[in-house]
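Following: one structure in structure tokens, then a few remarks.
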Amino acid sequence: NSPAIAGQHDWYIVRQLQNFKKGIRGSDAGDTYGQQMSPMAMTLVDDTTINNVAAYISTFK
């Protein structure tokens, strides 16, 4: 139950990826998709990588 990623602004995507890395998102037992996303976000090693991924994802329509 999360918003579609396509069409989101890059700043929103950056914030959510950072929240996954900090454990703010994806740690609830009932959040199946969040639990899947959390380890993926952990592979983003620095802010530059997060910003690049967010910029790319924000181009999705």
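In this text, residue positions in the sequence shown follow the working numbering: the first is -19, and each later residue adds one.
Beta carbons: idealized from backbone N, C-alpha and C, even for Gly.
Item to check | Nonlocal neighbours in the same chain, by C-beta distance under 7 Å from S(-18), ignoring five residues either side | outcome: Position 2 of the sequence shown, counted from the first residue, corresponds to residue -18. These residues qualify, in order along the chain: Y13.
Checklist entry - From this set, K1, R(-5), Q(-4) and Y36, which residue's C-alpha is nearest M22's C-alpha? => result Mapped onto the sequence shown, residue 22 falls at position 42. The residue with the shortest Cα to Cα distance from M22 is K1.
Next on the checklist: Considering Cα atoms alone, identify which of Y(-8), D(-10), Q(-2) and A(-16) is closest to S18.
Outcome noted: Within the sequence shown, residue 18 is the residue found at index 38, counting from 1. Nearest option by C-alpha distance: Q(-2).
Item to check | As assigned by DSSP and simplified to three states, the class of P19 | outcome: Counting from one through the sequence shown, the residue named residue 19 turns up at place 39. Helix.
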